[in-house]
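Visitor: The numbering of the sequence shown is the numbering used here, which starts it at 5 and goes up by one. Quick reminder that beta carbons are idealized off the backbone N, C-alpha and C, glycines included.
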Amino acid sequence: MGKTLRCWLVAVVLALTGVVWGQAEFASNGHFIYRYHGVNVIEGDSLLLMDDEYRGFDTAKGYAMSMVDGVQTARCETEFITVVKTVQNRNGFAEATWDIDIKGTPRGGKVELCLGIPAYVLDHWPPKRPSIASHEQHGIIHVESFFGDIEFDVNGSSHSWFLDDLRAAEWSKRFRLRVAPDYSKEDGCKVKAVLRIKSTPSTLSAFRTYPLAGHGNRGLRDDVADDGQGGWTDQGTNDLSCFTPGTINAQGVPFAIGDKVIALKGEARPAFPVASPVISLDGVQAERLGFVHTLVWNAAFRETVLVYEVTYADGQVVEIPVRYGMEANDWWNENEPLVARIAWQGDNSEHAVALQHLQWKNPRPDVALKSLRVRSLETPSVPVILGLTALKRGVLTAAQLEALDKIYNDRPRTDVSTDGWYECPIAWLDGIAPGSALDVSFLNDAPAGKHGWLKVAANGHFVFADKPGETVKFWGTNAALYGPYPEKADAPGIARCLARQGVNLLRIHLYAVYRDTLIAEDGSLNPEALDKMEFFIAELKKNGVYIFMDWNDGMLFERLLGKPLPDGGKGAKFAALFNRELIAASKKLAQSLFTHVNPYTSLRMVDDPAVCMYEVTNENSVVMNWGALRERVAAEWCDELEVLWLDWQRRQGIAELLPLPRDFTAVGPTGMRFAAELQRAHLEEMKAYYHSLGGKAPISGTNITFTLGELWSSTNMDYMNDHAYADHPNVSAKPMTYNNGCSVTQAAWQLSIIPSFSRAKIAGKPVVASEWNYCYPNDTRCEGLPFMTAYSSFQDWDALLFYCATGSFDSGRWSRFHDAPGILVHSQQTDPATWGLSQASALAFRRGDIRPSAKVVSLSYGPEAVWANQSIAARMPFLAALARVETTLTPAEADAWPMNAPREQQAKNSLLEAAAKLGVEGVSLERVTGDTGEVVRYPAAGLLVVDTPRSKMVTGRLHTLLDGARQPQDLQIESPSNFATITLSSLSDEPIRSAKRMLLCAVGNARNADTKIEGRFIMDMGRKGPVLAEPVLATIAMPILPGNAPLRVYRLDSLSGERRAEIAVTRADGLERFALDKDTQSIYIELIRE
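(1) Run through DSSP, which three-state label would Cys-501 get?
(2) At what residues does the alpha helix (DSSP H) containing Ser-1097 begin and finish?
(3) In chain order, which beta strand (DSSP E) runs of at least 3 residues are fully inside the segment 373-456?
(4) Between His-600 and Thr-621, what straight-line distance do the alpha-carbon atoms span, to the nearest angstrom?
(5) Quick one: give me the first and last residue of the alpha helix (DSSP H) that Lys-591 is part of.
(6) Using a Cβ-Cβ cutoff of less than 7 Å, which residues in the same chain neighbour Ser-625 once the five nearest sequence positions on both sides are dropped?
(7) Can you give me the start and stop residues for the alpha helix (DSSP H) that Asn-159 sits inside?
(8) If you draw a straight line from the alpha carbon of Lys-189 to that of Ala-100, how long is it in whole angstroms?
(9) For the candidate residues Met-628, Arg-636, Glu-681, Leu-633, whose alpha-carbon lies nearest to that of Gln-653?
(10) Could you tell me which residues DSSP pairs with Met-724 in its beta bridges?
(11) What residues are listed by DSSP as bridge partners for Gln-754?
(12) Can you give me the start and stop residues for the beta strand (DSSP E) that Lys-459 sits inside?
(13) Hey, quick one: how far does the beta strand (DSSP E) through Gly-960 stretch, first residue to last?
(14) Under 8 Å, do Val-195 and Ser-149 count as touching if we go by C-beta distance?
(15) Would you check if the distance between the CB atom of Leu-268 and the CB atom of Val-282 is smaller than 8 Å?
(16) Roughly how many angstroms separate the alpha carbons of Gly-218 and Asp-726, rounded to a whole number?
(17) Which word fits Val-647, buried or exposed, when buried means at least 16 other C-beta atoms lie within 10 angstroms of its C-beta?
(18) Which of helix, strand or coil does DSSP assign to Asp-571?
(19) When you compare only the Cα positions, how much space is there between Asp-651 and Glu-689?
(20) Given this structure, state the Cα-to-Cα distance separating Pro-438 from Tyr-1088, to the nearest angstrom.
(21) In terms of alpha-carbon separation, which member of Phe-259, Asp-238, Gln-239 lies closest to Thr-248?
(22) Which first and last residues belong to the beta strand (DSSP E) in which Met-617 is found?
(23) Put Ser-762 into one of helix, strand or coil per three-state DSSP.
(24) Who are Trp-364's beta bridge partners in DSSP?
(25) Going by DSSP, what residue range makes up the beta strand (DSSP E) through His-513?
(26) Return helix, strand or coil for Ile-827, following the three-state DSSP convention.
(27) Tell me whether Ile-658 is buried or exposed, calling it buried when 16 or more other Cβ atoms sit within 10 Å of its Cβ.
(28) Please name the residue or residues paired with Gly-120 in a DSSP beta bridge.
(29) Which runs of the alpha helix (DSSP H) spanning at least 4 residues fall entirely within the segment 1003-1051, listed in chain order?
(30) Compute the beta-carbon to beta-carbon distance between Tyr-729 and Asn-782, rounded to the nearest angstrom, for a pair I have assumed lies under 8 Å.
(31) Could you tell me whether the segment 854-862 touches the segment 1038-1047, where touching means 3 or more Cβ pairs closer than 8 Å?
(32) How do the segment 873-892 and the segment 815-827 stand: do at least 3 beta-carbon pairs fall below 8 Å, yes or no?
(33) What are the boundary residues of the alpha helix (DSSP H) that includes Arg-171?
(34) If we require 4 or more residues per run, which alpha helix (DSSP H) segments fall completely within the segment 859-937?
(35) Are Leu-485 and Val-517 closer than 8 Å when you measure CB to CB?
(36) Identify whether Asp-227 lies in helix, strand or coil by the three-state DSSP scheme.
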């Protein structure tokens, strides 16, 4: 495979300010393109050698392109012309160069390098404007266009540049930039042309900007969450202080945004005003109005959340409705709504954030506009308005208005074509051939429990009682809803399949929520369901798969209590954290289930070390804000909670008692402490009850650690636990939507879902990620398993449980795979792009192939910080990429780094400072790594590289691997793939350099054949299938080393792992090479040296 690449776009986005300075690139034909906010400013370049009559006879074409360290290079050599040109996007401008060498010839007479500028860019100029020469402008040509001001800096060029108006020329009808050097028929000519382009928002008089800061009620920054003061939406560091006030450009429209915004009432902020002040529009006659706004907290899809009320000078009022998902989105949503566009994107260190731009075409442009008022409809969303601009009537030409419409309406295409994809079934039932390269069950030491009870060692990791010096790691998945109850004919095959995919832990989840599963009508255990569950557990145990057992993840409390629940049981799972009847019901379930003798193991669950860990409650917390208490919990239980709250306040000596708040975080440290104390008491009570039943396995409290109070409430539990999802679809939207976000391309200081688990790490306790996923149908989710495996290993966490094998959108029914094996959200057992990488990930994680960091960052919090929830984890998410992160709760407040890091410090500076303090070398905004150097992410290149002796993983934009410095050792990958994952794993304890048998996985996107997605709307997930996988094209090369037998390569059946065809291997230049092409038709390749 040659080294010619498809063109790719290298965009410079200053994420801290959100200013986009423009993007430059070479198109697939080698032509230079420059865009600013979606506008084509330069549409190609040409280099022409002509005779004395301007007749061309040689031109530069057929460029060969490459990319190294962010610099794109195009090279062309013809009979007379040699040209090497480069383009790169720098911090603040784009730069292009042309190094031209043209031979002398008697035919030659003229040379021109020309760059085309569409007419609409400068169409407001008067006709027949004379050319502008760069030497007259001191090396800089400055022009005002309708969408932005442009500076062409040509300093460093060997010859002058000219800006020509050719609108009147029939053969052109546009503008151009031109270099026309003198040409010698004997010597030809040499030219060095340099062009730096900087674009800024338009200052053209066509636009009237209205600063709204004078009408604002909230600043951009907030210091303390939920204190009723400060700025933004009172969420502490989750604010917009990352935005620098000033003028921004959104789809060609300038907006002047100040240091205050208009934030209006929503359910989460009832104290905010319902409407803005009246804003004078000063009688402007406008073609259209532009608004910059956003929403904080979600509303229902298409629900109207705010209205702009426009009043004309004649008194007529027009309302402009803004609907969630249409004209505006939640500010954490990086995707564009259906109607509005993204105006600005940035990063506040807690999350990527965005503002939206809505244009309204005025139906009466000839009537003066008097005023504007903004009114909230008091939905769950809090509307925030930041910018207002009017496009004046009659200033822009028709061509420019048409271009403005095109810029606003033309959206990036998100359709995915499955043409050329192939069927790729992934096993769920006994499909993997024993002993094949896909069978990694050798990792399991069956039966589960043979080495005694799981314990927590003094080093804070899991060990078995009979092997106290050997840390154990768990790789697993979840079986939810009906998932714990497979048909007995299927259960043995499912257990064998999971073991062969590397699983040694399965979580039994949501097992008592359906009326036909575990809890019978009389409150006893349903014998049929219980028999299926216990048979499944026994089969898993035979195959070395341990069990993680949930407790209160929802249950039929009314059956356990034998009576109806208030308000239909609304909020019963939450109320079971304090209501004595519901606690008794929870204990009844535990006593019935955990002490029942499994007829297939002859052991009670509490006596079986194969059931190796438990959790008290799932995604349930008194501390965390899950919505207004009285709206989500039955009144009777809220009244009971209020009594507990009032009594607690009295015991604290509080004189002015506060009623039950909307949620306890809303009343500051006092509420946090009460909620955490109540939660801690419950968790410890349930732990004690479990022990009273004879339980010996480790048990956790809750899997929610959003606040320091929740960490504190679990300090006496055995291990820590949390959940996180990358690009989880919005399941409340109709149809569902998804963001299609990408982790490897996030800013250097972000780290996808990893910080959710690093915040859960308390020193001395294991960390379990009992739910995590890179969700279908995200198109880059093949990054997920390598990403989670790499950083979890680097952090030395203890158990990773993918969510899930089956659950949620198929109700967990394994049986559906017989006839409908399609991928569903959460139910991703058959997904090549995620679970298809289970073997590679299990090998890397469970064997400890990826070394943990030797460095530790300790986050120390005293009581004051805990109750005020002054966590720094959210604003320093990058720490987990540099070193291991753990939290210590101390008696006194801490003032050492990183606890004393300035709150206002920009995230990118915090990253670089942290790397320096930790002594981690080689860290920049383009390259992020830790002290081991085995896990390296290149954010701008869009690449994650994991390089260890026994496991290698490369995920992201594989074409950027052409920079040799990014290639893993002993493995060279050359691929044009825009996004894919390639892993290479030794199937023995030997390193890859000398391994006799290896498994290579190569996977990109995957979808069901019957999936229907329009833009980011999931019209139909598909279910029937078949599952299709995107081919990954690549040439793989490995070194020929002394003592190694010749490499042989086989394409494997993706379902069974059996060899289907041998792939040719060539040997030259000290390398063995083989190709993955359109005929490979498998994500699995076996490599042997025999």
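Guide: Reading off the structure:
(1) helix
(2) No answer is possible for residue 1097: it lies beyond the span of the chain, which begins at 5 and ends at 1094.
(3) 373-380, 386-396
(4) 21 Å
(5) 584-598
(6) Gln-683, Thr-706, Ile-708, Glu-714
(7) No alpha helix (DSSP H) holds Asn-159; DSSP gives it neither H nor E.
(8) 28 Å
(9) Glu-681
(10) Val-771
(11) DSSP, once it has assigned bridges, lists no residue as partnering Gln-754.
(12) 458-460
(13) 955-960
(14) no
(15) no
(16) 43 Å
(17) exposed
(18) helix
(19) 20 Å
(20) 16 Å
(21) Phe-259
(22) 615-621
(23) helix
(24) Leu-293
(25) 509-513
(26) coil
(27) exposed
(28) Arg-180
(29) none
(30) With 8 Å as the limit, Tyr-729 and Asn-782 do not qualify as a contact, their Cβ atoms being about 10 Å apart.
(31) no
(32) no
(33) Neither: Arg-171 is in no alpha helix (DSSP H) and is coded neither H nor E.
(34) 867-871, 883-886, 911-922
(35) yes
(36) coil
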